[in-house]
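Chains as they are written, first to last, in this note's numbering: chain A, 1 to 465; chain B, 1 to 465.
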């Protein structure tokens, strides 16, 4: 048996169901692991400790009584610290919320609880999911593959905790790549579902039309299990969709023979600033998909060069609109990076925003058209692997449009996208492959990512921390 | 038989189908009527003349061959001059488009042609549907009940032409009340369908998220016939809905026993500036509905006082965004009222617009909640009857939020609404009753309006011009 804290959710689920391991034993194992490793990594803002053990005991009793809730029953998870948790500090890594204790769980949190998970704690992130604050109210999370390096953001703690075995799975949020970026830089799986697939009720907003909630896990199989628990309509979230929720684990059982993978070579592979080792790893990954029976086809999205500007205007306008009042009342309580980026939104006019919405519609239609001819798209997730923590992290540059972003277009268009590890650089830093699908076709992107994962050795490797 | 030009579409349809009247005879009759009366009313910018007669001859031949297209076959209609018509001048009553000849029909126009209508011409309107220009490039339409009075706007010519028997039915467009306002002031029926119900492809936009296309007719029965022809999904309009299109004429056959009519007394009946005779007529109309078997219930929309501001910000921002380039290049070619109102949009920030969208969502939900407890709402259509043409028309004041508007909230929320004549003032000017329904429930508002219309004498009265 592998080290307890490096079990996958699926593996632990089997052991839990067959009573070979107990929720309390597993939870205690993770609390010990956090105690041992997190002082170097700072993935957690809040560790629930005794509260987690109490939950674990309740679930243990249930399971002993034969009341089995499903594959997440007894599984210890953690949450990016912008998911509201009843009675537990929820900070968004901000001075403004440094003492906020919500009255109610976010819907995704309530659904995870319903599924029987144990909550280990709340995870570090960029301030309000929008700007890394090195001098913020809580420490900054570090990359477990090399703590001198950044883990990406904004769901930094969620990426670190999963990669370093500080929880079995986590929830992140993704407005321009905040799930997929840290997943790629930490070598884990990050899934940004279709816009509307997962309720955002109780999740502190960044940019309401771009924000997405989703799981971060070690394997694709685990991502499918977590998505299953949180997906589906929520009357409390007016943007949530009534589209039926399929069986995601079932989808992994099919192979990918005959699927057509679109390769948008022109921007996602050729933009200035794309790392050579990343490209090489992604090209090799595409060959693996071909060996597994997929066909590939070069595709083009004519207006992709506009995507960064479109997203920047929508992003900054919506962020500013949310923070406008606090920006006047408590401007000094924001960190400098988030404040600067948010304040850009004050300078866009309504006409700018409307023009951006118009361009967004054009992009949406161009991707729709491309996805009529292919089943999924494959691209690098991040243009660069992790950079040194002391330098402004690369992923933050991409969010502000100063460097190419391969994740952002799928926030603008709302399409589902998953990042899966596809190798390591010569410095032993992970590289991510992104698979993008049609609206609500999470089953296909999960299937492709799973097929790739099974055929490659990357899941065997763990950070040595 | 009544005067030819005062036949309803349904009456004419029967005569056409049974070959008691021919499309050519009918078209010629309307062209004569336009010739005789329109120099006093200025409903038309363009009269198609020989082109209409040629169409009528084609339809006549078809009908003689037994090729019957349905209840609009051979019916002469006219269009607000912002519907693109292939090969026919389309001006939006503006100097900027005073010579524009489109290559393609708007979808609604193509559908009316497909249904066999004959196009008599293009109708006067406020400049770009947004501001009356007394010194504009074309004359200003006058109210047929009294040519010193305004017909309302912006679909002024559409209201006048139907009321004065210058066409059998027309299409208008409605961004804040531009179908229902002139319908009420001209004593006809005006239907603003649900947002997405009728394609807007080929219709010059004013404010894309508030614009609606719909029919203006003498009777509710006729409105149902015209809506049937133009409703339904259009791949050329990304905002058009795939909701199935029911049989609207069928809906008129049911009575209204047991239907619950919500009366939002607090704003729609008590706002400052509501005319006393209007209120009296609407109260009497509600009693008629009760006599016909409907129940009534007082309802309240808590945030209705915000509606005018919300709509003003959305309206001006979207109008400015559309006209921004022309405003710089050809500002002198806009009339002063439209220019002033459009320019207000330059001063709203993206955050203002986003806040307005947020309030819009609140309003939408409040109306939704109210409409869970009642089948329709009944209100006055316009707070005031027609004013003198030389004074700034009252309806223009309402659009800019300076006076209460009872039509605007249903552009903001996208709900379907119909105006039907419910009496006359002591000056012999018409008064309108507005019936509002649930999304895509045009059948019920048509049914209620039709039931009211059948029980009252107003359809017998015609302008004496």
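Glycine included, every Cβ here is placed at the ideal spot set by N, Cα and C.
Computed from a predicted structure; not experimentally measured.
- Annotation for residue 42 (chain B): no alpha helix (DSSP H) segment contains it, and DSSP assigns it neither H nor E.
- Taking a beta-carbon distance threshold of 8 angstroms, residue 306 (chain B) does not count as an interface residue toward chain A.
- Residues of the region 158-170 of chain B that bring their beta carbon within less than 7 angstroms of a beta carbon in chain A are absent altogether.
- For residue 352 (chain A), the C-beta contacts it makes with chain B under 7 angstroms involve 350, in order along the chain.
- Look at the beta carbons and you see the region 436-447 of chain B not touching the region 272-281 of chain B: under three pairs across the two are nearer than 8 angstroms.
- Listed along chain A are 349, 350, 351, 354, each with a C-beta nearer than 9 angstroms to that of residue 320 (chain B).
- Counting only runs of at least 4 residues, the region 127-160 of chain B fully encloses no alpha helix (DSSP H) element at all.
- At a cut-off of 8 angstroms between C-beta atoms, residue 238 (chain A) counts as an interface residue with respect to chain B.
- For residue 228 (chain A), the CB contacts under 6 angstroms within the same chain, skipping 5 residues up- and downstream, are 248 in chain order.
- Per DSSP, reduced to three states, the secondary structure at residue 80 (chain A) is strand.
- Per DSSP, the unbroken alpha helix (DSSP H) holding residue 323 (chain A) starts and ends at 307-329.
- In this structure the region 303-322 of chain B lies against the region 199-211 of chain B, because at least three pairs of beta carbons, one per stretch, are closer than 8 angstroms.
- Chain order gives no chain A residues near residue 373 (chain B), where near means a beta carbon separation below 7 angstroms; the closest approach is about 17 angstroms.
- Within chain B, the C-beta atoms nearer than 8 angstroms to that of residue 361 (chain A) come from 238, in chain order.
- DSSP, read as helix, strand or coil, puts residue 424 (chain B) in strand.
- In the same chain as residue 443 (chain A), and ignoring 5 residues on each side of it, the C-beta atoms closer than 7 angstroms to its own belong to 246, 248, 251, in chain order.
- Contact annotation for residue 346 (chain B) against chain A: 349, 350, 351 [CB-CB distance below 9 angstroms, chain order].
- Judged by their CB atoms, residue 75 (chain A) and residue 12 (chain A) are nearer to each other than the 8 angstroms cut-off.
- Residue 216 (chain B) has B:170, B:190 as its beta-bridge partners, per DSSP.
- The beta carbons of residue 384 (chain B) and residue 239 (chain B) sit no closer together than 8 angstroms.
- One alpha carbon belongs to residue 286 (chain A), the other to residue 389 (chain A), and they sit about 30 angstroms apart.
- A straight line joining the alpha-carbon of residue 80 (chain B) with that of residue 63 (chain B) spans about 28 angstroms.
- Looking at the backbone, the Cα of residue 24 (chain B) and that of residue 175 (chain B) are separated by about 35 angstroms.
- Residue 282 (chain B): member of the alpha helix (DSSP H) spanning 276-291, first to last residue.
- By the rule that beta-carbons nearer than 8 angstroms mark a contact, residue 127 (chain B) does not touch chain A.
- Not one beta carbon of chain A lies nearer than 8 angstroms to the beta carbon of residue 35 (chain B).
- In its chain, beyond the 5 residues on either side, 180, 184, 419, 432, 434 have a beta carbon closer than 6 angstroms to the beta carbon of residue 381 (chain B).
- With respect to the 8 angstroms criterion, residue 161 (chain B) and residue 112 (chain B) are not classified as neighbours on the basis of their beta carbons.
- Short of 8 angstroms from the beta carbon of residue 220 (chain A), and not among the five residues preceding or following it, lie these beta carbons of its own chain, in chain order: 189, 252, 418, 420, 446, 449, 450, 453.
- Residues of chain A whose Cβ lies closer than 8 angstroms to the Cβ of residue 324 (chain B) are, in chain order, 351.
- Under the Cβ distance rule, residue 317 (chain B) counts among the residues neighbouring chain A, one pair being separated by less than 8 angstroms.
- Less than 8 angstroms divides the Cβ of residue 306 (chain A) from the Cβ of residue 359 (chain A).
- With a cut-off of 8 angstroms on Cβ pairs, the region 101-120 of chain B is not in contact with the region 339-352 of chain B, counting fewer than three such pairs.
- The C-beta separation of residue 367 (chain A) from residue 301 (chain A) comes to about 6 angstroms, placing the pair in contact by the 8 angstroms criterion.
- For residue 202 (chain A), the closest C-alpha among the options A:173, A:218, A:224 is that of A:173.
- When A:105, A:106, A:107, A:88 are compared, the shortest CA-CA separation from residue 99 (chain A) is found for A:88.
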